[in-house]
Structures are given as C-alpha cells and as structure tokens.
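**Student:** So for the sequence shown, my numbering puts the first residue at 6; every next one is plus one. No residue lacks a Cβ here, since even glycine has one placed at the ideal position from N, Cα and C. The structure presented is a predicted model; accordingly, all values stated were derived computationally and were not measured.
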Amino acid sequence: MTKEYGPQKAVSDVSFEAKKGEVLGFLGPNGAGKSTTMKILTCFIPQTAGKAEVCGFDVEADPLEVRRRIGYLPEHNPLYKDMYVREYLGFVARLHKVPNVERRVGEMVELTGLGREQHKLIGSLSKGYRQRVGLAQAMLHDPEVLILDEPTSGLDPNQLVEIRSVIKQLGREKTVIFSTHIMQEVTALCDRVLIINKGKIVANDSIEHLQNRSGGGELVVTVEFQQSVAASKLQQIRHVKRTAQLGGNRWQIIADSNHDIRADVFRFSVDNQLTLLEMHKEVVSVEDVFTQLTK
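Here it is, written out as structure tokens:
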C-alpha cells in the first residue's frame, strides 16, 4: 500500500504479512512511516493506493469489522483524564459490547498491574501507569490482532519486565505488531522484525537472519590464551581467514560465516597445550543492523 500527502510519499509500496502467534517488531527512524502504516491498518486514515486486510476484512470496505478485531495503543495515548481508571475501562468495554464488563475489567486490571491505581483519576497517574491503562483498553475486547505503537514508553525497569511478559504471552495466541525504539525489546520479544526507512520496507526477517546477513559474511571469535601464541599458528586452524591481535594474548579469529570454528579453536588449544581463558562469538547487534539499514 501507499500513502501520499501531496508530493510526499509517507508510505511507498509497503507490503508485508503478520501471522497469528507471532510478535512482529516494526522498526524505523522517526518519520519513516511506522505510525502512518499503523493508522491505515486501524482505519484511522485511508491509504492512497493499494490494499490492506485484517483477519480477511478490507480496511476500506469493512472498517467496523476490522476495528472489532483490533486492539490499538497509539503512540500518543488518548485517555479521558477526568475519568477514574476502572470507570474508563468499563466505559470502553461497554463500547465494545463486552459481556460481563466488571469481570473483564478486573482481569485487565490484574493483567496490567493496575490494582493499586484502579480507583484513581487517570489525570493523576504517572506516564507509566497511563501506558498500562492504554494497554488494558487495547486488550479489553480480546482482539485477534494487537497493534501497539511505542507501548513501553515511560515505563520504569520493573514495569518494563512486566509489560514485556504480557506482550510475550499475548503473542503466543494473537497477532502482535508493535513499534519501538528500544532495541533490547526487539531482541527480547520479537519473532520477526520489519524495518521501514523513508516509507519503504528495507528488511523483513528474523533477528538471527538479519544479524548474519549484516555480519559481512564472516564469523568473528574472540579468544584469550594464558600463554603467548603466534598469528601464523592460529591461521593453521581450519577455515580461519585471518586474525587480529587485540593486545596481550587476546585475539580476534575471523572465519567464513558458514563455519563455526569454536570447536576447532578449542581442539587447537588442547593440541598445543594452551590454556584457554576466554572464547566467545561476536554477534552483530540489532542496533548495528538497524543503523546499517537506515543510515
């Protein structure tokens, strides 16, 4: 699908699929088109061209059916600040015609950790607790699809752990699409990552595949021996392309990415009576992948 604002293409020929039982991380720099895409999928704005479906329903032809199946937490969480937490959640539940409103509201209060705050005015809550209220309202009607735009914004470290656990749990039985700028969340939560830049999809893959693809086709192992060893000896290890001394007896050993040489390095140290103090495989971080694809 495509979304144009005059001569500017906010989203340009974007195409992807999100599946049930999957947490899809939707990443991109500010202004890349993430929120625009989410607003189209949630029927807030129409696309200029192309087609989008949620659970088989077209966002233009059947917007009410789409909305029934989506729980949405927008980036700027719009709440009625003069309502009490439990009052507001009950109001939203009745809009969705949720049966057993009080029971369902109680379940959401417990799930999102709002127990101590449930009788407070929303306007008196901290930003983190307002995010929890927004997440609770998104899940009230038990939607098949959850679209969360920066869902952990403003949460403290303890709250982050709790909300991540909730999102991970929901991802086992629903389709979850969420955007974030916190790369640790991507690593902790996502089954697949979608990266958008300047309105175009630049990556759509698992984190592991993206990291391997961005590693330059090489595997890097960092080792430290107790004894000194010559570079010429290390280069005798199978599949080693080159080595680099990091200082003292610490080395980087570089091999082709098709070969994990750690077992060979271990055997080399045993055969040459070397004491191996450290060995780990260097991994391209999600931040590095993101920077490479969006710079």
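1) Nearest-angstrom Cα distance between Ser237 and Leu215?
2) Could you have a look at Val16 and say whether DSSP puts it in helix, strand or coil?
3) Residues in its own chain within less than 7 Å of Arg177 by CB, not counting five upstream and five downstream?
4) Is it true that the CB of Gly204 sits closer than 8 Å to the CB of Gly38?
5) Among Gln52, Phe31, Val207 and Leu46, which has the Cα closest to the Cα of Glu9?
6) With C-beta atoms as the reference, is Thr192 less than 8 Å away from Glu287?
7) Of all the options Ala208, Glu92 and Lys44, which has the alpha carbon lying nearest to the alpha carbon of His124?
8) What residue range does the alpha helix (DSSP H) around Met188 cover?
9) Just to confirm, is the Cβ distance from Gly30 to Phe183 under 8 Å?
10) As a quick exercise: from Gln250, Gln189, Trp256 and Lys24, pick the residue whose alpha carbon is nearest that of Val166.
11) Within 10 angstroms of the Cβ of Ser170, are there 16 or more other Cβ atoms? Answer buried if so, exposed if not.
12) Would Pro156 be called buried (16 or more neighbouring beta carbons within 10 Å of its own) or exposed?
13) Per the contact definition of three or more C-beta pairs closer than 8 Å, is the stretch 13-20 in contact with the stretch 118-136?
14) Between Val271 and Asp293, what straight-line distance do the alpha-carbon atoms span, to the nearest angstrom?
15) Mind checking whether Leu130 and Ala143 have CB atoms under 8 Å apart?
16) Might you give, ordered along the chain, the residues of its own chain that have their beta carbon closer than 7 Å to the beta carbon of Leu298, omitting 5 neighbours on each side?
17) Please tell me whether Thr248 and Gln240 are closer than 8 Å, where the distance is taken between their beta carbons.
18) If you draw a straight line from the alpha carbon of Ala235 to that of Arg255, how long is it in whole angstroms?
19) Find out if the Cβ-Cβ distance for the pair Ala141, Thr180 is shorter than 8 Å.
20) Does the Cβ-Cβ distance between Met43 and Asp154 come in under 8 Å?
21) Just to confirm, are Gly76 and His146 a CB contact at a threshold of 8 Å?
22) Which class does Asn105 belong to by DSSP, given the choice of helix, strand or coil?
23) Can you name, in chain order, every residue of its own chain whose Cβ lies under 6 Å from the Cβ of Pro34, other than the five neighbours on each side?
24) For Ser290, which residues in the same chain have their Cβ closer than 6 Å to its Cβ, ignoring the five residues on either side in sequence?
25) Leaving aside the five residues before and after Ala54 along the sequence, list all residues of the same chain whose C-beta is less than 6 Å from its C-beta, in chain order.
26) Can Leu84 and Gly159 be called in contact, C-beta distance under 8 Å?
27) To test your reading of the DSSP string, which unbroken alpha helix (DSSP H) runs of 4 or more residues are found completely within the stretch 131-166?
28) Got a sec, what are the start and stop residues for the alpha helix (DSSP H) Phe183 sits in?
**Tutor:** The relevant details are as follows:
1) Counting only the Cα atoms, Leu215 lies some 33 Å from Ser237.
2) Assignment of Val16 by DSSP, reduced to helix, strand and coil, places it in the strand class.
3) Its chain contains Gly26 as the residues whose beta carbon lies nearer than 7 Å to that of Arg177, once the 5 sequence neighbours on both sides are disregarded; these appear in chain order.
4) At a Cβ-Cβ threshold of 8 Å, Gly38 and Gly204 count as neighbours.
5) Per the Cα distances, Gln52.
6) No; because the gap between Cβ atoms is not below 8 Å, this pair is not in contact.
7) With distances taken between CA atoms, His124 lies nearest to Glu92 out of Ala208, Glu92 and Lys44.
8) Note, Met188: alpha helix (DSSP H), Met188 to Leu194.
9) Against a cut-off of 8 Å, the Cβ pair of Phe183 and Gly30 comes out as a contact.
10) Checked all of Gln250, Gln189, Trp256 and Lys24; the closest Cα to Val166 is Gln189.
11) The C-beta of Ser170 has fewer than 16 other C-beta atoms within 10 Å across all chains shown, which makes the residue exposed.
12) It is buried - the Cβ of Pro156 has at least 16 other Cβ atoms within 10 Å.
13) Segments in contact, no.
14) In the sequence as presented, Val is not what sits at residue 271; that position holds Phe. Phe271 and Asp293: Cα-Cα distance of roughly 29 Å.
15) Against a cut-off of 8 Å, the Cβ pair of Ala143 and Leu130 comes out as no contact.
16) If we look at Leu298 and ignore the five residues flanking it on each side, its Cβ neighbours are Ile200, Asn202, Val207 and Ala208.
17) The answer is yes: Cβ separation under 8 Å.
18) The alpha-carbon separation between Ala235 and Arg255 amounts to approximately 11 Å.
19) Going by C-beta atoms, Ala141 is not nearer than 8 Å to Thr180.
20) Yes, they are a contact pair.
21) Yes, they are a contact pair.
22) Asn105: coil per DSSP, three-state reduction.
23) Closer than 6 Å at Cβ, skipping near neighbours: Thr299.
24) Hits under 6 Å: none found.
25) The answer, listed in chain order, is Thr7.
26) For Leu84 and Gly159, no; Cβs fall outside 8 Å.
27) For the alpha helix (DSSP H) assignment, the uninterrupted runs of no fewer than 4 residues enclosed by the stretch 131-166 are, from N- to C-terminal side, 132-144.
28) Counting along the chain, no alpha helix (DSSP H) covers Phe183; the unbroken beta strand (DSSP E) around it starts and ends at Thr180 to Ser184.
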